[in-house]
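Just below is one structure, and these are the notes that go with it.
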Amino acid sequence: MFYKNIKAIIAMAFIYVGVLFPLQALAAPDAVLGKAKSQTCFACHGADGIGISPNIPHIAAQPPLSLFYQLVQYREGMRKGGGMEIFAKSLSDGDIRDIAAYFSTLPPPPARAGDAVKIALGQKLSQQNYCNSCHAPQLQGQKQVPRLAGQSIEYAVSQLRNIRSGSRVDMDGTMGSAARGLSDEDIEVLAAYAASLN
Amino acid sequence: MKLKTIHSLMFAAGLGLATLASAQAPAPAPAGPGGVPPTWAQGRTPDGMNPALVPNPSPLVAKPVNEILIDKLKVPPGFKIELWASGMPNARSMTEAPSGTIFVGTRFPGNVYAVVTKDGKREVKTIAKGLHRPNGVAFANGSLYVAELSRIIRYDNIEQNLDSPPTPVVVFDALPKDEPHGWKYLKLSPDGQYLYFQIGTPANIVVPPSTHATIMRLNLKTNTIETVATGVRNTVGMDFQPVTKELWFTNMGRDWAGEDLPNDTLNRLVRPKGMNFGYPHCHQGDWLDPEFGKGRSCDEFDKPVLKLGAHVSPIGLRFYTGSQFPAEYKGNIFIAEYGSWNRSKKVGYQVVRVVLDAKNNPVKLEPFVTGWLQGEEYWGRPADVQVIKDGSLLISDGEAGAIYRVSYGK
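Here the protein sequences come in this chain order: A and B.
Position one of the first sequence corresponds to residue 1 (our numbering), numbered consecutively onward.
Position one of the second sequence corresponds to residue 1001 (our numbering), numbered consecutively onward.
Quick look at the structure:
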């Protein structure tokens, strides 16, 4: 079922992502244009940037550069998952900038209440691991560093595990190094804590 | 509540950084999950938690030409700077083949480029894709050597096959796989027998394994490696002095120790083996590490020849061996400063000139090309320099994905 959807979405992608800019000159990022170019994304990530199922990330209110980086990495085959490498393939730099501009201006995902003990443990661990020195005080992300606040727990857990195992490679090794010492339980409480923020 | 407190603490810390940069007292290292700070964060102190100091994003795409602000670049009187080639995401290390082809390595996109000049026009060819941090490039005997993160590979007869490059030969693949400071600079020795490269320290500040924080060299005849120097935190730029054939290299100082300490440095290898430049105990030749310097003395170690400033991030350097520039430039060193991230006010983002006296001692350090930094915003980051056959100087820009050419006269 899920894969059928993806097939249909891929077919749509070629229809919607037809607006390409010449490489020699780029206009400033345009969120309105970005919304038009994001139609394909909505099927999974929602028009509001909130993923439709727990394994799909919320991309609302992500820092624009962070979205830009992830989409470029998918396009270049440096990151794989969820069929994103296929969707990103036909996007120009300008398309990606516009799409990033659109999702970054949406209201952030709501904070999610959960197991208070887990959240408290996660908060402590987050402090000990300096998560906020890059992901910012409320884990809202900055520059190329993604927002973790309000993120889907299932998605955050899967990504931290991928980074720990090395199947998802970060840019300069910092995140790989930061994840290496985490246990499965650590990852779970960190994700619960991040989800509880807004 | 607790978060609020932390927030305000960090805010205060940020103010402290801005106003009392030189008065930072080393604070106790905070404990990680097991009571030990996580490796990647060692050397950080609570006042180093300023969240504004996230590493600069690493470019994956090239800037379109309308965002390459060539008119902002300033050169000394009589010199001229022009955009020479563009469209090369993260263009960094350069090497020139005898034919004039420029090969360019990258850190992030995994590409290697060749820039060929035909009828006065440049053409950029992507000759390799999908490599892992192919930062180092060197050309020898018709072959292009590329240093990836953990191996060195070789493209034979590359110039005859730029449009369909051969499958590379793996030359040496037993290098460490650490990502932090794992990308390599590559330099062919003047006698053509060795490839010099570095193995950077695997974190900001740790006692590294004996293989790391070193300069190594690969013997191209025997395919064996040996350690050339130790205590080198991370050098991403090397060149041989044209007369003495000594190796000179830049070295990146540690982070999170202050706004103005320790300095990044320029170093000279006066003994072919056995020199130790102090990391992690002593930095910049005269400044003991707040933690790893305990019980040590900087007198134990070899010293840099020049301090370049803290956090300027010197990468590529070249001796000026051409004859196009005025005579006073002969034998000078040009250094590309990639620019700071671990400092509240940005520094670097320029190409500097080092003048040496007759005994090769630095006597002057001054900016040569500036303008990539406008206020606190940068639009480009110089990564390497290369003196080409006509005596002009190429500068690669890892942010814009471009190469500039500096020429004199005409």
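No residue lacks a Cβ here, since even glycine has one placed at the ideal position from N, Cα and C.
Residue pairing for B:R1233: DSSP places it in no beta bridge. For A:D48, the number of other beta carbons within 10 angstroms of its own is below 16, and it is reported as exposed. For A:Q144, the neighbours in chain B by C-beta distance under 9 Å run, in chain order, V1054, P1055, N1056, P1057, S1058.
Between B:V1305 and B:V1075, the beta carbon gap of about 25 Å keeps them out of contact (Cβ cut-off 8 Å).
Distance from B:I1205 to B:G1309 at the Cβ level is roughly 19 Å; contact not present, criterion being Cβ atoms closer than 8 Å. Between A:M171 and chain B, the shortest Cβ-Cβ separation is below 8 Å. Around the Cβ of B:D1299, a 10 Å sphere holds fewer than 16 other Cβ atoms; the residue is exposed. Between the segment 1275-1295 of chain B and the segment 1248-1264 of chain B, the count of Cβ pairs shorter than 8 Å is three or higher; the stretches touch. Beta-bridge partners of B:F1139 (DSSP): B:L1144.
When the alpha-carbon of B:K1121 is set against those of B:P1134, B:H1132, B:G1100, B:A1140, the nearest one is in B:G1100.
Under DSSP, the beta-bridge partners assigned to B:I1081 are B:V1406. With respect to chain B, the C-beta atom of A:L65 has a partner C-beta closer than 8 Å. Bridge partners of B:C1282 according to DSSP: B:L1288. Membership of B:I1102 in any alpha helix (DSSP H) is not indicated; the residue belongs instead to the beta strand (DSSP E) covering 1102-1105. When the Cα atoms are used, B:L1220 and A:Q144 turn out to be separated by approximately 40 Å. For B:F1139, same chain residues with a beta-carbon under 6 Å away, outside a window of 5 residues either side, are T1095, A1097 in chain order. Listed in chain order, the beta strand (DSSP E) elements of length 3 or more contained wholly in the segment 1303-1329 of chain B are 1306-1310, 1314-1319.
Excluding five sequence positions before and after B:L1162, the CB atoms of its chain that fall closer than 8 Å to its own CB belong to T1101, A1114, V1116, K1125, I1127, given in chain order. Close partners of A:S177 in chain B (Cβ separation under 9 Å): P1038, T1039, W1040, A1041, D1178, E1179, P1180, P1202, A1203. In the structure shown, B:M1216 adopts extended strand secondary structure according to DSSP, grouped into three states. Along the segment 60-92 of chain A, the alpha helix (DSSP H) occurs as fully enclosed runs of 4 or more residues at 64-75, 84-88, listed in sequence order. If you check the CB distance, B:V1171 and B:R1154 come in under 8 Å. At a cut-off of 8 Å between beta carbons, A:C41 makes no contact with chain B. In the displayed model, A:V157 falls within a helix according to three-state DSSP. Relative to the Cα of B:K1184, the nearest Cα in the group B:R1233, B:V1065, B:P1038, B:G1142 belongs to B:R1233. About 17 Å separates the beta carbon of A:I163 from that of A:A195, a gap too long to meet the 8 Å contact definition.
Relative to B:K1294, the option among B:G1192, B:R1343, B:P1280 whose CA is nearest is B:P1280.
Here B:P1077 is exposed. Its C-beta has fewer than 16 other C-beta atoms within 10 Å. Taking the C-beta atoms as reference points, A:L197 is found no nearer than 8 Å to A:G141. Contact of B:P1109 with chain A is assigned, a C-beta pair being separated by under 8 Å.
Using a Cβ-Cβ cut-off of 7 Å, A:D93 is close to V1061 of chain B, given in chain order. The CB of B:R1044 comes closer than 9 Å to the CB of Y130, S133 in chain A, given here in chain order.
According to DSSP, residue pairing for B:N1263 in a beta bridge involves B:A1310. Within chain B, no residue has its CB atom less than 9 Å from the CB of A:E185, the nearest being about 10 Å off.
With contacts defined by Cβ atoms closer than 8 Å, B:G1278 and B:S1313 do not form a contacting pair. The C-beta of A:G181 comes closer than 8 Å to at least one C-beta of chain B.
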